[in-house]
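**Student:**
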Amino acid sequence: GRTTDILVTTLPTFFTNGLTSRSDVSPSSADRVDSTYQAVPLYSPSIRLEYTHPMAVPAPLPQSFHVEGWLPLYLASAMFVRHTLNALYADLGVELCTLRRWSPSRVPSQFHPRELSISLGLLVFGRARVTGQLAEWQVNSTYTFEPKNGLISRHIIDSILPAPHDAALDLLRRALDTASTGLMISSTCQLGEPTTSRCLV
């Protein structure tokens, strides 16, 4: 579908252009007022991100990372990964290796519509800025779409090979904690709660 096509087209430029969260589509002829385009979201506002490390990790690191149903935090995690790897590696790129589409075997009905998932296999590569050594990661993910509107509701990172080091996981954990706190404060300010100095940052 449209969202799958956009993922396949934009993920290879993730490290230069960032994560594409909306697409510009031309309005239908019935709604057309002028030649402008309208932005259509790709991700559900309650998207869930999951990753489980394949090996035991030391405390206080969690075995599994979850971004629980909040699109701003999902986008913040993508921005963190992009900026962190760009700081450590040059000439970063993403290559699409595999694409598979999945759907449940049951027949969809009014109460149980068909839920579609796709599996993407990506090769992420770059060159270490300090040593110049080439680095590669095989990243396999499953994206699940909401049956009614086609928005991405779940992103499961099935595997990263080689698996991230403990230090990288700890850095990601701290970044997500910080981002979650900052986004919650920003959201509270926008809802009209008393302004604090952190709301103005």
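One point on numbering: in our numbering, the residue at position 150 of the sequence shown is 664, and numbering is uninterrupted. All residues carry an ideal CB built from backbone N, CA and C; glycine is no exception.
#1: Is the stretch 581-591 close to the stretch 515-526, with three or more CB pairs under 8 Å?
#2: Between which two residues does the beta strand (DSSP E) containing residue 580 stretch?
#3: Using 10 angstroms around the beta-carbon of residue 522, count the other beta-carbons present and answer buried if the total reaches 16, otherwise exposed.
#4: Report the rounded CA-to-CA distance for residue 524 versus residue 537, giving the unit in angstroms.
#5: Which class does residue 669 belong to by DSSP, given the choice of helix, strand or coil?
#6: Taking the alpha-carbon positions, what's the residue 602 to residue 657 distance?
#7: Taking Cβ to Cβ, would you say residue 599 is nearer than 8 Å to residue 606?
#8: Is it the case that the Cβ atoms of residue 635 and residue 654 are separated by a distance below 8 Å?
#9: Look at residue 592 and residue 533 and say whether their C-beta atoms are less than 8 Å apart.
#10: Given residue 673, which residues of its chain have a CB within under 6 Å of its CB, disregarding the five upstream and five downstream residues?
#11: Excluding the 5 residues preceding and the 5 following residue 681 in the sequence, name in chain order all residues of the same chain whose CB lies nearer than 8 Å to its CB.
#12: Could you give the C-beta distance for residue 608 and residue 529, rounded to a whole number, given that I count them as a contact under 8 Å?
#13: Buried or exposed for residue 706, please, with buried defined as at least 16 other CB atoms from any protein chain shown within 10 angstroms of its CB.
#14: Suppose you measure from the CA of residue 678 to the CA of residue 659; what does that come to, to the nearest Å?
#15: For residue 685, which residues in the same chain have their Cβ closer than 8 Å to its Cβ, ignoring the five residues on either side in sequence?
#16: What are the complete alpha helix (DSSP H) segments, minimum 4 residues, inside the stretch 553-592?
#17: For residue 640, count neighbouring C-beta atoms within 10 Å of its own C-beta (all shown protein chains included) and say buried if the count is 16 or more, exposed if not.
**Tutor:** If we stick to the structure as given:
#1: no
#2: 578-581
#3: exposed
#4: 10 Å
#5: strand
#6: 27 Å
#7: yes
#8: yes
#9: yes
#10: 654
#11: none
#12: 7 Å
#13: Note that residue 706 scores a pLDDT of 40, beneath 50, so its modelled location is shaky; the value from the coordinates is reported in the next line. That one is exposed.
#14: 27 Å
#15: 598
#16: none
#17: buried
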